[in-house]
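Participant: Residues 15 to 598 (our numbering) are what the sequence shown spells out, left to right.
Right, I'll just put the structure down here and ask away after.
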Amino acid sequence: MKKFECLYEGTATQGNPTLLNEIYTELYITESESGEFNNEHEVRQIETQSRRAATEDTPIKCSDIFRPLPGQDKPIRTVLTKGVAGIGKTVSVQKFILDWAEGKENQDVQLIFPLPFREINLMKDKTLNLSDLLHIFFPETQGMKMSCDEYEVLFIFDGLDECCLSLDFKSEVKLCNISESASVDVLLMNLIVGNLLPSALIWITSRPAAANLMPSECVHRVTEVRGFNEPQKEEYFRKRISDQSLANRIISHLKSSRSLYIMCHIPVFCWISAAVLEKMLSQAESGEIPKTLTQMYTHFLILQTNIKHEKDYEKKVTDEDIILKLGKLAFLQLVKGNLIFYDEDLRECGIDVTEASVYSGLCTQIFRDELGLYQGKVFCFVHLSLQEHLAALYAHLSFMNKKTNVSDQKKQSLLSRFFNQEKYNSLSELHQRAVNEALQSKNGHLDLFLLFLLGLSVKSNQTLLRKLLTQTGSCSYKKEETLQYITQKIRENHSSEKSINLFHCLNELGDDSLMQEIQRYLKSGKIRETKLSLSQWSALVYVLLTSEQKMDDFDLKQFIGKKHRADEVLQYLLPVVKESRSVQ
């Protein structure tokens, strides 16, 4: 109970932790088909889900995930819960354990063993039996006999996407005895499959991209954490901010910017927004209240660098130095697709591991080190989007200052594709390269990085950066060239899905001319008589998908006229059709 009653939003060492039960807002969790694998950027997946009507899905309370729904008779042993980064998977696990420890829920379970993958990774070379493994993580279990029939046991493996073990579910190695020794990956695999302790319950959480590592025959239920739905977003801000009139102003500001309000499905983003807007709206702050993602994240970074740590760290480490080093770490690991880092990753970026607490001291709420149940340290950014913002900041500054070449000689192959300093004469050329890289990325993992990289070139964000850094560099930048290039890519791109991020980028750069054009056609009702270009069709998809109306019943007839055949219209508007509950 002691271990799980506090929620450390963003930081693990604050003096005034929040009690989980005071702030916990029920998340929207649904039973999900393990179905098709979605390879859009996670933030886009959230947008997609947020538009689905609630009636399509079966909501499940976190405490009920092992209970069959009415009409389901098979017992549930293994549950896989998927959800994008920062959506609330780990907090759900924490709430489940706390409710159990307080005697409120799931009292048929006698023992719970939470084993986060990021900590199990540190033991990947060990050979031991299940009892030994549990003794290392839970010394209290020494002397306990783990027999199947005596206890109802639940193992929770949090963060499958962070797993560095080679979990081979096709392996022939069978373990049935808990005193039999094997490598940690063989041990876990046999526990999950049910050869070891077949009556134990298993709960695994994962980001969507890694969920398909689990063979479907081993999983009895798949649930999906969808974050906050509309009422839950508001409830979060009202709980988080005690001054209710301020909470109302924050909610109405977020609602006024569609791109920010969509992001509020992610609890971590709500926390970032609450931190920034609470300060900006409660003081007579000068400056523009953030309306775009880049503004919000840059304000958040400034806010964090202003919160000095209790330990007054040595002055030889400047804020600027820390931001650049964290940025380099963020960039290198983002290109590799890593969200979890170990000692050697930090050293590679010139971060002294013993001083890592200093870095997390300055950016306590951005970067954290976790001393696990096991001995080693694990590092991560509090959220993937913070890593993407810092990576973009690093790339932007590296180019502007031309002092730190982003492509280290050792990493030439990995990064030279992205940045070849000699080649670019202007920032817009660099932007064009980044647009191409993001379009070629199969799973959209550079989409948000691109959005931030473009956003950082906007004048208002340049001004903000000067509050943060003494040297922001300067170079020629023709925004029109970047805008033209993005518009051209929208025109060439036959996939409306790929174009959606480009529209978010235009929005970030303050250009909504294509969207305005489409809005006018829609308002005038002339859309059926107008021959739309490819880029206009993409703009139409974007406008329909980001509108506030729920896609309950979508009528294609309103877009089919003499200028376009029905099959063409269907083809262009497929992303909208996919999101609608019923289509005429």
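Heads up, the beta-carbon is just placed ideally off N, CA and C, and yes, glycines get one too.
It should be emphasised that the depicted structure is a prediction, and the values quoted were computed from it without experimental measurement.
With a threshold of 8 Å on Cβ separation, who are the neighbours of residue 386 within its own chain once the five nearest residues in sequence on each side are excluded?
Facilitator: Because residue 386 carries a pLDDT of 49, less than 50, the predicted location of this residue cannot be relied on, and the following value inherits that uncertainty. Closer than 8 Å at the Cβ level, and outside the excluded window around residue 386, lie 130, 132, 133, 136, 392.
Participant: Taking contact to mean 3 or more Cβ pairs, one atom from each stretch, closer than 8 Å, check whether the stretch 305-319 and the stretch 272-285 are in contact.
Facilitator: yes
Participant: Output yes or no for whether 9 Å exceeds the beta carbon distance between residue 440 and residue 499.
Facilitator: no
Participant: Measure the C-alpha to C-alpha separation of residue 324 and residue 122 and round it to an integer number of angstroms.
Facilitator: The predicted model places residue 324 with a pLDDT of 40, which falls under 50 and marks its position as unreliable, so this point remains unresolved.
Participant: From what residue to what residue does the beta strand (DSSP E) around residue 127 run?
Facilitator: 125-128
Participant: What three-state label does DSSP hand residue 496 in the structure shown?
Facilitator: helix
Participant: Helix or strand or just coil, what does DSSP make of residue 579?
Facilitator: Coil, per DSSP.
Participant: On the three-state DSSP scale, how would you describe residue 31?
Facilitator: coil
Participant: Does DSSP classify residue 155 as helix, strand or coil?
Facilitator: In the structure shown, residue 155 sits in a helix (DSSP, three-state: H, G or I).
Participant: Taking residue 558 as part of the beta strand (DSSP E), name the residues at either end of that continuous run.
Facilitator: Per DSSP, residue 558 belongs to no beta strand (DSSP E); it is in the alpha helix (DSSP H), 548-560.
Participant: Flag this pair as yes or no: are the beta carbons of residue 574 and residue 542 separated by less than 9 Å?
Facilitator: yes
Participant: Rank 533, 582, 572 by C-alpha distance to the C-alpha of residue 560 and give the top, closest one.
Facilitator: 533
Participant: Taking residue 220 as part of the alpha helix (DSSP H), name the residues at either end of that continuous run.
Facilitator: For residue 220, there is no enclosing alpha helix (DSSP H); the residue is found in the beta strand (DSSP E) stretching over 215-220.
Participant: Spatial neighbours of residue 495 within its chain, please: CB distance less than 6 Å, with the 5 preceding and 5 following residues excluded, ordered by chain position.
Facilitator: If we look at residue 495 and ignore the five residues flanking it on each side, its Cβ neighbours are 442.
Participant: Which two residues bound the contiguous alpha helix (DSSP H) that contains residue 91?
Facilitator: No alpha helix (DSSP H) holds residue 91; DSSP gives it neither H nor E.
Participant: For residue 57, which of 590, 398, 588 has the nearest alpha-carbon?
Facilitator: Among 590, 398, 588, the Cα nearest to that of residue 57 belongs to 398.
Participant: With DSSP collapsed to three states, give me the class of residue 76.
Facilitator: helix
Participant: Is the beta carbon of residue 89 closer than 9 Å to that of residue 234?
Facilitator: One thing to note: residue 234 has its Cβ within 9 Å of the Cβ of residue 89.
Participant: Using CA coordinates, which residue listed in 286, 138, 46, 175 is at the minimum distance from residue 104?
Facilitator: Just measuring C-alpha positions, the residue of 286, 138, 46, 175 sitting nearest residue 104 is 175.
Participant: I want to know whether the stretch 465-480 touches the stretch 401-410 - three or more CB-CB distances under 8 Å.
Facilitator: yes
Participant: Using C-beta distances below 8 Å, list every residue in its chain close to residue 36, excluding the 5 sequence neighbours before and after it, in chain order.
Facilitator: 253
Participant: Quick one: which unbroken beta strand (DSSP E) runs of 3-plus residues sit fully inside the stretch 173-244? Chain order, please.
Facilitator: Counting only runs of at least 3 residues, the stretch 173-244 fully encloses the following beta strand (DSSP E) elements, listed from N- to C-terminal order: 215-220, 235-239.
Participant: Using alpha carbons as the reference points, say which of 537, 484, 556 lies closest to residue 519.
Facilitator: 556
Participant: Could you tell me the distance, in whole angstroms, from the CA atom of residue 460 to the CA atom of residue 248?
Facilitator: 30 Å
Participant: For the alpha helix (DSSP H) holding residue 264, just list the boundary residues, first then last.
Facilitator: For residue 264, the uninterrupted alpha helix (DSSP H) segment begins and ends at 258-270.
Participant: Can you pull the DSSP bridge partners for residue 363?
Facilitator: For residue 363, which the question treats as bridged, DSSP gives no partner whatsoever.
Participant: So, with DSSP's three-state summary, where would you put residue 317?
Facilitator: helix
Participant: According to DSSP, which residues form a beta bridge with residue 142?
Facilitator: 196
Participant: Assuming residue 18 contacts residue 108 under a Cβ cut-off of 8 Å, what Cβ separation, rounded to an integer in Å, is found between them?
Facilitator: 5 Å
Participant: Check residue 43 in the structure and name its three-state DSSP category.
Facilitator: Correct three-state label for residue 43: strand.
Participant: What would DSSP say about residue 18, mapped onto helix, strand or coil?
Facilitator: coil
Participant: Applying the criterion that 16 or more other CB atoms from any shown protein chain within 10 Å of the CB defines a buried residue, is residue 522 buried or exposed?
Facilitator: buried
Participant: By the DSSP assignment, the alpha helix (DSSP H) with residue 346 in it spans what residues?
Facilitator: 333-350
Participant: Quick check on DSSP: helix, strand or coil for residue 168?
Facilitator: strand
Participant: Between the C-alpha atoms of residue 336 and residue 412, what's the straight-line distance to the nearest angstrom?
Facilitator: 14 Å
Participant: Flag this pair as yes or no: are the beta carbons of residue 87 and residue 45 separated by less than 9 Å?
Facilitator: no
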